[in-house]
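These protein sequence lines map, in sequence, to chains A and B. The numbering of the first sequence is my numbering, which starts it at 1 and goes up by one. The numbering of the second sequence is my numbering, which starts it at 1001 and goes up by one. All residues carry an ideal CB built from backbone N, CA and C; glycine is no exception. The model shown is predicted, which means the values in this text are computed figures rather than measured ones. All remarks here apply to the structure that follows.
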Amino acid sequence: AQSVSQHNHHVILSEAASLELGCNYSYGGTVNLFWYVQYPGQHLQLLLKYFSGDPLVKGIKGFEAEFIKSKFSFNLRKPSVQWSDTAEYFCAVTPRINDMRFGAGTRLTVKP
Amino acid sequence: DAGVIQSPRHEVTEMGQEVTLRCKPISGHNSLFWYRQTMMRGLELLIYFNNNVPIDDSGMPEDRFSAKMPNASFSTLKIQPSEPRDSAVYFCASSPGTSGTDTQYFGPGTRLTVL
């Protein structure tokens, strides 16, 4: 079945460590790609999105993601995490207009 | 703007009861989405509307689930009768247009517990 895969279920880092969260999808054709974040007790918020152009996308709070079409990947990165980045991160793909499919999410815990 | 508003924030009910979840999208947004989030299945799209018209309800799990959008500022998701396996957080989201590149803005969710 077509899907969005996030390989890491729970990542634990110390402050200032670098972060990379994996996301792979299996939909063919043109897709739009998103990363959303859900801070504890809050609703989902958009971190960044890609739909065309430069495959390296910069988002809010120092996050970036790189779209590698040949690998069907859209990994999220941040060079130096902070305690406030503790949250759940969701990769999402729209293989068709408005049909957004989410990955299972990766819980990030940043230790102070 | 207050963002997407959902009510109630928490709902506890007994099996067999009817449950109605409500959503007010951001003013001016043309698309509205209902999602369900569970530990087992993650975030799933249930149904979405463009300009108040249901476009794709293939994610609605069973006939017990129904959704309506009588006008541009209000939508409901109804479960009748409810079952314990319906326990989840239900999110409503809206987006400005009908393009797949539009950001979806999520509400705070309704945490439903069916006993």
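DSSP on residue i, reduced to helix/strand/coil?
i: B/P1084; result: helix
i: B/I1026; result: coil
i: A/S14; result: strand
i: A/I97; result: coil
i: A/D85; result: helix
i: A/S52; result: coil
i: B/S1073; result: coil
i: B/S1099; result: coil
i: A/S5; result: strand
i: A/G62; result: helix
i: B/S1031; result: strand
i: B/S1094; result: strand
i: B/S1007; result: strand
i: A/S70; result: helix
i: A/C91; result: strand
i: A/N75; result: strand
i: B/D1056; result: strand
i: B/E1062; result: coil
Could you work out which residues of chain A lie near residue i, taking near to mean beta carbons separated by less than 9 Å?
i: B/Y1048; result: N98, D99, M100
i: B/S1007; result: Those do not exist, as B/S1007 stays about 14 Å from chain A at its closest Cβ, beyond 9 Å.
Kindly give me the distance between the Cβ atoms of residue i and residue j, rounded to whole angstroms, as I take these residues to be in contact under 8 Å.
i: A/N75; j: A/C23; result: 6 Å
i: B/S1031; j: B/G1097; result: 7 Å
i: B/L1115; j: B/V1012; result: 7 Å
i: A/F63; j: A/K78; result: 5 Å
i: A/L31; j: A/T106; result: Per the sequence shown, residue 31 of chain A should be read as Val rather than Leu. Not a contact, Cβ separation roughly 20 Å.
i: B/Q1006; j: B/G1107; result: 4 Å
i: A/Q38; j: A/L44; result: 5 Å
Please name the residue in the options whose C-alpha comes closest to that of residue i.
i: B/F1123; options: B/A1067, B/T1098, B/G1016; result: Outside the shown range of chain B, which is 1001 to 1115, sits residue 1123 of chain B, and nothing can be said about it.
i: B/E1083; options: B/E1062, B/I1026, B/N1050; result: B/E1062
i: B/Q1104; options: A/G105, A/M100, A/A104; result: A/M100
i: A/K58; options: A/F34, A/P95, A/P40, A/S70; result: A/F34
i: B/Q1058; options: B/F1033, B/S1027, B/G1003; result: The question names Gln, yet the displayed sequence has Ser at residue 1058 of chain B. Checked all of B/F1033, B/S1027, B/G1003; the closest Cα to B/S1058 is B/F1033.
i: B/E1044; options: A/F102, A/L108, A/W83; result: A/F102
i: B/M1015; options: B/S1095, B/P1054, B/D1086, B/S1073; result: B/D1086
i: A/Q42; options: A/A87, A/A104, A/K69, A/C91; result: A/A87
i: A/W83; options: A/A17, A/I68, A/H9; result: A/A17
i: A/K111; options: A/I12, A/S5, A/A92, A/Q6; result: A/I12
i: B/A1093; options: A/N8, A/Y36, A/Q6, A/E20; result: A/Y36
i: A/P55; options: A/K71, A/L46, A/L44; result: A/K71
i: B/G1003; options: B/P1025, B/H1010, B/N1071, B/D1102; result: B/P1025
Kindly list, in the order they appear in chain A, the residues whose Cβ is closer than 8 Å to that of residue i.
i: B/T1098; result: I97, N98
i: B/P1054; result: By Cβ distance, chain A contributes nothing, its closest Cβ being about 12 Å from B/P1054, past 8 Å.
By the criterion of Cβ-Cβ separation under 8 Å, what are the contact partners of residue i in chain B?
i: A/G59; result: The premise fails here: A/G59 is roughly 11 Å from chain B at the closest Cβ pair, so nothing lies under 8 Å.
Against residue i, what residues of chain A qualify as contacts under a CB-to-CB distance less than 7 Å, listed in chain order?
i: B/S1031; result: N98
i: B/L1043; result: F90, F102
i: B/F1106; result: H43, L44
i: B/G1109; result: H43
Counting only Cβ pairs nearer than 9 Å, list the residues of chain B close to residue i.
i: A/H125; result: Because residue 125 of chain A is not part of the residues shown, which for chain A are 1 to 112, the question remains open.
Residue i touches chain B at which residues, Cβ-Cβ below 7 Å?
i: A/G105; result: G1042
i: A/F51; result: T1101
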